[in-house]
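Report on the following structure.
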Amino acid sequence: MAAELHVELVAADRSVWSGEANLVVARTTSGDIGVMPGHQPLLGVLESGPVTIRTSDGGTVVAAVHGGFISFADDKLSLLAEIAELADEIDVQRAERALERAKSDTDAASERRAEVRLRAVAVR
Amino acid sequence: MGAQLRVYKRRIRSVTATKKITKAMEMIAASRIVKAQRQVAASTPYATELTRAVTAVATGSTTKHPLTTEADTPGRAAVLLITSDRGLAGGYSSNAIKAAERLTDRLRGEGKEVVTYVIGRKGVSYYGFRERKIEDSWTGFTDSPTYADAKRAAAPLIEAVTKETVEGGVDELHIVFTEFVSMMTQNPVDNRMLPLSLGAAKEEDGKGEILPLFDFEPSAEDVLDALLPRYVESRIYNALLQAAASEHAARRRAMKSATDNAGELIKSLSRLANAARQAEITQEISEIVGGASALADATAGSDK
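Residue numbers (the working numbering), protein chains in the order written: chain A, 1 to 124; chain B, 125 to 428.
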């Protein structure tokens with residue numbers, strides 16, 4: 001059996017997803033990083049962007065993460081984010097509307113959030 | 125109906141109405157405690173993971189960061205006080221305020237200048253009435269705080285901490301809130317958030333586990349820079365949620381005793397009303413008997 005790592009994706013106010021995975025890809029401030037079982041202990045700052053989790057049963061979980069941290073040690077990986085949403089939870093139309101609105105208001109932060117949401121859905 | 129009896133009846137009616145209100149408030153508060161407790165539980169994983177990460181960076185690296193090292197001569201301390209927006213919660217707000225006062229006195233005794241930040245209308249009006257200076261205040265969300273509220277309150281505090289003391293920054297950050305122990309017990313507590321006391325952070329973690337040597341991405345300083353504001357936010361968020369749960373618990377208890385007291389009052393008032401009614405009846409009977417016998421005497425006299 002291939003080694004597995006335990007993933008906890010937690011937002012500030014709830015636990016979003018947890019389970020076993022083979023590979024987690026996330027975007028840190030210095031570039032995309034992929035973590036597999038047995039990786040060296042790591043603590044990094046996340047950019048807002050989609051996080052891809054390849055679960056051990058072959059599935060893929062994609063989540064939109066807005067800022068936060070990745071920490072990995074002893075085959076346990078935690079993704080901490082202020083706001084995190086699974087791609088399945090994202091309402092595409094709402095995100096598109098939010099993007100339009102953010103563009104017209106030139107609100108860079110919410111434009112970015114909406115973009116990340118849409119990208120996470122697209123990756124799925 | 126006699127005047128006395130009417131007064132009693134009126135008072136019984138008004139106390140019954142009050143009792144209904146307090147009973148309703150008690151039940152509302154009771155249902156909200158459960159919700160608030162659930163929120164506290166939901167926010168715990170984030171808080172513990174974050175504390176773990178902060179401890180790991182602070183112990184695992186030799187970085188000197190203004191937020192983890194104690195100033196040699198701390199000159200200024202910020203105190204964040206969490207009270208409620210609404211009253212009718214017994215001693216909830218005043219206990220928290222008292223704890224903040226004690227902390228302020230202690231800090232002043234240590235020669236530090238204290239700047240106060242207040243959350244909740246009760247605290248704001250307490251300081252406003254005494255014309256004490258509040259650096260900043262936030263109101264309107266103590267019933268059910270969200271993470272955005274915590275972020276809003278944390279922003280100026282983090283800014284103050286990162287600034288140099290001479291430019292109006294602070295060296296220490298304290299938080300005073302009411303800790304939710306159980307449905308019956310809530311304690312006002314004061315905690316020092318910054319500079320981090322690593323011993324405390326480790327104890328919070330509970331296990332005293334040995335943390336691995338982390339690889340930092342991009343670097344330990346950057347990670348710490350990004351981590352500490354989040355840490356402060358999450359601590360404030362957790363404190364807000366606990367305070368909300370405590371507020372509801374305190375309100376439930378206060379309203380329960382108010383309801384009980386109203387019940388007692390109604391009971392004693394109805395006793396008095398019954399006695400008044402009985403006295404009235406007795407008086408009426410004796411009046412009738414007296415009148416009848418006077419009439420009988422009069423007729424007996426006229427017969428002779």
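Ideal Cβ placement from N, Cα and C applies to all residues, glycine included.
Nothing here was measured: the structure is a model prediction, and the numbers come from that model.
With contacts defined by Cβ atoms closer than 7 angstroms, residue 67 of chain A and residue 82 of chain A form a contacting pair. Between residue 382 of chain B and residue 161 of chain B a beta carbon distance of about 23 angstroms is seen, past the 8 angstroms cut, so the two are scored as non-contacting. Between residue 37 of chain A and residue 4 of chain A, the C-beta spacing is below 7 angstroms.
According to DSSP, residue pairing for residue 302 of chain B in a beta bridge involves B/312. Distances from the alpha-carbon of residue 111 of chain A to those of A/46, A/99 and A/122 put A/99 closest. The continuous alpha helix (DSSP H) containing residue 228 of chain B extends over residues 216-233. Counting only the Cα atoms, residue 182 of chain B lies some 11 angstroms from residue 349 of chain B. Close to residue 65 of chain A, with beta-carbon spacing below 9 angstroms, lies no residue of chain B; the smallest spacing is near 13 angstroms.
Taking each of B/295, B/136 and B/216 in turn and checking the Cα distance to residue 194 of chain B, the smallest one comes out for B/295. For residue 311 of chain B, the closest alpha carbon among the candidates B/367, B/347 and B/282 is that of B/367. In the DSSP assignment, residue 253 of chain B falls outside any beta strand (DSSP E) and within the unbroken alpha helix (DSSP H) covering 245-253.
Rounded to the nearest whole angstrom, the C-alpha separation of residue 399 of chain B and residue 302 of chain B is 47 angstroms. Contact with chain B is absent for residue 59 of chain A, since none of that chain's Cβ atoms lies less than 7 angstroms from the residue's Cβ. Not one beta carbon of chain B lies nearer than 7 angstroms to the beta carbon of residue 102 of chain A.
Taking all protein chains in view, the Cβ of residue 305 of chain B is surrounded by fewer than 16 other Cβ atoms within 10 Å, so the residue is classified as exposed. Not a single C-beta of chain B is nearer than 7 angstroms to the C-beta of residue 93 of chain A. In terms of beta-carbon proximity, residue 174 of chain B lines the interface with chain A, with at least one pair separated by less than 7 angstroms. Using a CB distance below 8 angstroms, the part of the segment 339-352 of chain B facing chain A consists of 339, 340, 341, 342, 346, 347, 350 and 351, ordered along the chain.
Taking 8 angstroms as the upper bound on Cβ-Cβ separation, chain A lies near residues 163 of the segment 150-165 of chain B. The beta carbons of residue 55 of chain A and residue 62 of chain A sit no closer together than 7 angstroms.
The DSSP-derived three-state label of residue 258 of chain B is coil. C-alpha of residue 96 of chain A to C-alpha of residue 212 of chain B: approximately 45 angstroms in a straight line. Beta-bridge partners of residue 50 of chain A (DSSP): A/64. At least one CB of chain B lies nearer than 7 angstroms to the CB of residue 13 of chain A. The contact set of residue 33 of chain A on chain B, defined by CB atoms closer than 9 angstroms, consists of 341 in chain order.
Across the set B/391, B/154, B/249 and B/313, the C-alpha of B/313 shows the shortest separation from the C-alpha of residue 364 of chain B. Of the candidates B/245, B/337, B/341 and B/345, the residue whose Cα lies closest to the Cα of residue 74 of chain A is B/337. DSSP, reduced to helix, strand and coil, places residue 39 of chain A outside both helices and strands of the structure shown, so it counts as coil. For a cut-off of 8 angstroms, the C-beta gap from residue 69 of chain A to residue 42 of chain A is around 10 angstroms, too long to register as a contact. Distance between residue 155 of chain B and residue 148 of chain B, taken at the CA atoms: about 11 angstroms. Judged by DSSP secondary structure, residue 99 of chain A falls within the alpha helix (DSSP H) whose first and last residues are 92-105.
Chain-ordered, the chain A residues with CB closer than 9 angstroms to the CB of residue 181 of chain B read 43. Fewer than three beta-carbon pairs drawn from the segment 130-146 of chain B and the segment 239-253 of chain B are found closer than 8 angstroms, and the two stretches are therefore not classed as touching. Around the C-beta of residue 221 of chain B, 16 or more other C-beta atoms lie within 10 Å, and the residue is accordingly described as buried.
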